[in-house]
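For the sequence shown, the residue numbers in mature numbering (1 follows the signal peptide of the UniProt record, and there is no 0) are -21 to -1, 1 to 196. Even glycine gets a Cβ: it sits at the ideal position worked out from N, Cα and C.
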Amino acid sequence: MKLPMLIAVLATSFTAVPAMAQDGASVFTGPRVEGRVGYDNATIRASVTDGVDRFSRSAVRSGAVYGGELGYDAAAGANVLIGGYAGLEGATTEECGELYGVDELCLSAGRSITAGARIGTRLGNRFAVYGKGGYSNTRVTLDYQDYEFIIPDYRESTNVDGFHLGAGVEGALPGGIYGRLEYVYTGYGEVSATADDITATLKPHRHQVVYGMGIRF
């Protein structure tokens, strides 16, 4: 009598283990939508030349970043997670200061479009860590005003392409809700723009710490 009962208990245990593992993985998989807000620290090195004189300035400024992200994640084994994402963000980051004489140069970071992939691993049934990387496109605006009228005023907005790399930790909550904290570095290389015989060269990069909260469907 006891032997059939023991066999039944063992059989139930073995069938329950895969179910629990599947439930643990499922909280990190599927389509998702996410809101994001965080800290943005941008460095923009700018130089302006009219073909005769050249003026340079480096600006380091902190601000807020905000936006949203859509993504999809899937399980690739017992603990490995892979996924893709696309996002849209805005920023309040701007730096203004004197460049040369009685003038003002303002550098500001605008909207950013991101797309990439991530890979991670589960830490139990409720937490996961991951790395991410992909493409970034950010709008940067340079606004120069010379109050002595030596150099013509200049305003130029341009889109700069770059790449981003990051890492983070995600925690799953009941009902498909999740929260995550991540660090992201974005580099854009060098970009130049010319208008009215004035050439501006920008070398921007940024560091971000972002908190996201979303829901999986």
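| Check | Outcome |
| --- | --- |
| Residues sharing a beta bridge with F142, DSSP | Y114, G166 |
| Secondary structure of A(-6), DSSP reduced to three states | Summary for A(-6): the model assigns pLDDT 41, below 50, so the residue's position carries little reliability, and this model does not support an answer. |
| Within 8 angstroms, strictly: CB atoms of S87 and T72 | yes |
| Sub-8 angstroms separation of R185 and A57 beta-carbons | no |
| Status (buried if at least 16 other CB within 10 Å, exposed otherwise) for F7 | buried |
| Cutoff 6 angstroms; reference V188; Cβ partners in own chain excluding five residues on either side | G17, Y18, Y162 |
| Secondary structure of A30, DSSP reduced to three states | Correcting the residue type first, residue 30 is Gly in the shown sequence and not Ala. Coil, per DSSP. |
| Backbone CA spacing between G193 and V39 [nearest angstrom] | 31 angstroms |
| Classification of Q1 by the beta-carbon crowding that lies within 10 angstroms, buried from 16 upward | Per-residue confidence for Q1 stands at a pLDDT of 44, beneath the threshold of 50, marking its modelled position as unreliable; the derived number appears in the next sentence. Answer is exposed; the Cβ neighbour count stays below 16. |
| Cα-Cα separation, F(-8) to V139 | With a pLDDT of 36 at F(-8), under the threshold of 50, the predicted position of this residue should be treated as unreliable, though the coordinate-derived value follows. Going from the Cα of F(-8) to the Cα of V139 covers about 55 angstroms. |
| Terminal residues of the beta strand (DSSP E) in which G99 lies | 82 to 102 |
| 8 angstroms contact criterion, which G103 and A146 should meet: CB distance rounded | G103 to A146, Cβ: 18 angstroms. No contact. |
| Beta-carbon proximity of Y123 to L181, cut-off 8 angstroms | no |
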